[in-house]
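Chains as they are written, first to last, in this note's numbering: chain A, 451 to 817; chain B, 328 to 410. Notes follow once the structure below has been shown.
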Amino acid sequence: YNHFPRDLKWQTNDVTFRIVNYTPDLEKSDVDRAIRRALNVWSDVTPLTFKKLHKGIADIMISFGSREHGDHNPFDGPDGLLAHAYPPGEGIGGDTHFDEDEHWSKDSSTYNLFIVAAHELGHALGMSHSTEPSALMYPVYSYSTGYPLSEDDVEGIQALYGPNPNSRKVKPKPDAPDKCDPMLTFDAATELRGETLVFKDRFYWRLHPQIPEPEQVLIKSTWPSIPNKVDAAYENPEKDLVIIFSGIKMWALNGYNLVDGYPKYIHRLGLPKSIRKIDAAVHIGDTGKTLLFTDEEYWSYDEATGTMDRGYPRSIEKDFPGMNDEVDAAVYHYGFLYFFHEHVQYEYSYNSRKVMRILRTNSILNC
Amino acid sequence: PRSSAGPVPSEDLDDWLLAEKYLRHFYDLPVGLQGRRGEPSGHFTAKIKEMQRFFKLKVTGNLDENTLDLMKEPRCGVPDVGE
Numbered sequence: 451y452n453h454f455p456r457d458l459k460w461q462t463n464d465v466t467f468r469i470v471n472y473t474p475d476l477e478k479s480d481v482d483r484a485i486r487r488a489l490n491v492w493s494d495v496t497p498l499t500f501k502k503l504h505k506g507i508a509d510i511m512i513s514f515g516s517r518e519h520g521d522h523n524p525f526d527g528p529d530g531l532l533a534h535a536y537p538p539g540e541g542i543g544g545d546t547h548f549d550e551d552e553h554w555s556k557d558s559s560t561y562n563l564f565i566v567a568a569h570e571l572g573h574a575l576g577m578s579h580s581t582e583p584s585a586l587m588y589p590v591y592s593y594s595t596g597y598p599l600s601e602d603d604v605e606g607i608q609a610l611y612g613p614n615p616n617s618r619k620v621k622p623k624p625d626a627p628d629k630c631d632p633m634l635t636f637d638a639a640t641e642l643r644g645e646t647l648v649f650k651d652r653f654y655w656r657l658h659p660q661i662p663e664p665e666q667v668l669i670k671s672t673w674p675s676i677p678n679k680v681d682a683a684y685e686n687p688e689k690d691l692v693i694i695f696s697g698i699k700m701w702a703l704n705g706y707n708l709v710d711g712y713p714k715y716i717h718r719l720g721l722p723k724s725i726r727k728i729d730a731a732v733h734i735g736d737t738g739k740t741l742l743f744t745d746e747e748y749w750s751y752d753e754a755t756g757t758m759d760r761g762y763p764r765s766i767e768k769d770f771p772g773m774n775d776e777v778d779a780a781v782y783h784y785g786f787l788y789f790f791h792e793h794v795q796y797e798y799s800y801n802s803r804k805v806m807r808i809l810r811t812n813s814i815l816n817c
Numbered sequence: 328p329r330s331s332a333g334p335v336p337s338e339d340l341d342d343w344l345l346a347e348k349y350l351r352h353f354y355d356l357p358v359g360l361q362g363r364r365g366e367p368s369g370h371f372t373a374k375i376k377e378m379q380r381f382f383k384l385k386v387t388g389n390l391d392e393n394t395l396d397l398m399k400e401p402r403c404g405v406p407d408v409g410e
């Protein structure tokens with residue numbers, strides 16, 4: 451986390467705010483609720499209190515405006531700059547402005563007002579930007595549900611104001627996974643138009659063949675309607691589709707766009723209702739089959755006929771000698787299957803039916 | 328390879344101007360000409376590195392794809408460094 455220079459903060463814990471005008475995108479009551487919830491996020495973990503004024507000058511004056519809106523710090527039209535706020539202080543200090551050229555929402559459909567307000571009010575209380583991708587004070591917008599403050603945010607605001615003397619312990623959201631943690635395990639992995647996506651917790655890494663450094667991205671910032679936890683994923687390049695599995699549901703992506711008509715239930719593939727989760731999935735281009743791994747067994751799905759092959763499920767250990775009996779994630783490259791289980795990666799030759807190399811899971815992440 | 332003396336293709340120019348505007352707004356890049364793609368000023372390169380360090384990108388000082396992608400993400404208007 452970071453503070454502003456000279457650790458600017460309010461000299462009193464009882465701060466006033468006023469909503470000067472409202473966006474036409476939402477009901478007035480929705481705006482009131484979003485702002486109150488955003489302030490509560492910070493008062494939950496500090497001794498701060500927020501009193502609403504309906505006229506006159508408050509410490510934090512909240513308004514919506516577009517382009518040049520009176521502070522010589524103009525907005526830029528749709529997207530780009532969403533909002534800004536000033537650090538604690540007299541006059542414009544603490545004031546918080548939202549760009550009216552954005553569309554404000556109370557869900558993931560466009561920019562979620564509660565999330566942006568919680569971030570901006572962090573600035574109005576003295577927090578600057580965090581370099582931690584999972585932190586609320588990270589500069590780039592990302593939609594997420596649940597409690598918005600990470601450990602990093604809580605430590606930062608309490609360094610300014612101390613803890614809430616009578617707060618029930620809030621559970622901050624977990625920080626971003628460290629790609630070079632030797633004990634790193636994967637949730638899922640897939641190809642996507644020549645890139646490789648590796649899913650872990652609420653994030654995915656995007657690996658591009660020509661760029662050595664993987665880019666870590668929040669799942670929700672790319673696909674707000676996909677759950678924060680992906681179990682398995684695979685690409686069917688013939689159909690230019692990526693299928694994402696989470697629990698008993700599956701979503702289809704065409705590039706970075708969600709395909710209409712999804713999510714669907716995984717049992718539509720022909721899996722019995724007893725299957726509640728797919729651990730890993732991988733499409734074998736040479737055979738047109740997609741292998742679905744569940745516990746110690748796997749299924750073979752024929753993409754051309756859209757049916758499950760007969761004689762399945764079969765044992766992973768029997769059919770993939772040398773492999774572990776369970777799989778967390780799998781990808782297929784040029785005749786080799788790469789199986790990931792816990793912090794080990796198995797390079798399995800599909801033709802000679804044996805494990806050729808055993809690597810650390812995160813060697814794929816340039817570690 | 329494209330000669331750096333030739334006219335800069337328009338998409339390169341757009342990216343360059345976007346980057347200059349971004350670095351000026353968020354990383355306090357001084358006003359004034361900052362060279363151009365292929366011949367960036369020292370200030371420009373230093374600010375690119377500062378932004379790449381902040382976002383844990385590979386610190387190259389170049390306006391590479393990852394860096395440009397990030398500059399195009401919707402974000403907060405408060406600067407990432409300094410006053």
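Don't be surprised by glycine CBs; every beta carbon is placed ideally from N, CA and C.
Residue i, enclosing alpha helix (DSSP H) - first and last residue
i               : result
W492 of chain A : 478–493
Q608 of chain A : 601–611
V566 of chain A : 563–575
Simplified DSSP assignment, three categories, for residue i
i               : result
R380 of chain B : helix
A626 of chain A : coil
H504 of chain A : coil
G515 of chain A : strand
L458 of chain A : coil
N523 of chain A : coil
Y451 of chain A : coil
Y354 of chain B : helix
H791 of chain A : strand
L344 of chain B : helix
E392 of chain B : helix
T499 of chain A : strand
CB contact check: residue i to chain B, cutoff 7 Å
i               : result
E663 of chain A : yes
D745 of chain A : no
T849 of chain A : Residue 849 of chain A is absent from the structure shown; chain A starts at 451 and stops at 817.
Y654 of chain A : no
P589 of chain A : yes
H534 of chain A : yes
D557 of chain A : no
D509 of chain A : no
L531 of chain A : yes
H791 of chain A : no
H519 of chain A : no
H553 of chain A : no
H453 of chain A : no
H569 of chain A : yes
Buried/exposed call for residue i, threshold 16 Cβ in 10 Å
i               : result
C822 of chain A : There is simply no residue 822 of chain A to check, as chain A begins at 451 and stops at 817 in what is shown.
P662 of chain A : exposed
R726 of chain A : exposed
N707 of chain A : exposed
Q666 of chain A : buried
G606 of chain A : buried
P771 of chain A : exposed
L809 of chain A : exposed
I694 of chain A : buried
Same chain, Cβ closer than 6 Å to residue i, five either side skipped, listed in chain order
i               : result
W460 of chain A : P538
D637 of chain A : F649, K650, V680
S330 of chain B : Unreliable positioning characterises S330 of chain B in this predicted model, as indicated by a pLDDT of 40, which lies under 50. The coordinate reading is nonetheless provided below. Within the same chain, S330 of chain B has no close Cβ partners at all.
H569 of chain A : L586
Y472 of chain A : K478, V481
heavy atom of the ligand MN below 6 Å from residue i C-beta
i               : result
N471 of chain A : For the structure depicted, the ligand MN is absent and the ligand set is empty, with no information on it obtainable.
7 Å Cβ cutoff, residue i in contact with chain A
i               : result
D355 of chain B : no
R351 of chain B : no
N393 of chain B : yes
G388 of chain B : no
K376 of chain B : no
S330 of chain B : With a pLDDT of only 40 at S330 of chain B, under 50, the local geometry of the prediction cannot be trusted, and the value read off the model is given with reservation. S330 of chain B does not count as touching chain A.
D407 of chain B : yes
E347 of chain B : no
F371 of chain B : no
P401 of chain B : yes
Contacts around residue i, its chain only, beta-carbon distance under 8 Å, and the 5 residues preceding and following it disregarded
i               : result
L395 of chain B : D342, L345, A346
V408 of chain B : F353, Y354, D355, E377, F381
L503 of chain A : T466, F467, R468
Close-in-space but distant-in-sequence residues of the same chain around residue i (CB under 7 Å, 5 per side omitted)
i               : result
F454 of chain A : P537, G576, S578
G596 of chain A : K623
K723 of chain A : H717
Residue interval of the beta strand (DSSP E) (run including residue i)
i               : result
D769 of chain A : Looking at the DSSP string, D769 of chain A is not in any beta strand (DSSP E); the run it does join, the alpha helix (DSSP H), is 766–769.
I661 of chain A : 661–668
M806 of chain A : 804–810
N704 of chain A : 699–704
W655 of chain A : 653–658
Where residue i meets chain C, residues with beta-carbon distance less than 7 Å
i               : result
H573 of chain A : Considering every chain present, this structure includes no chain C. Its protein chains are A and B.
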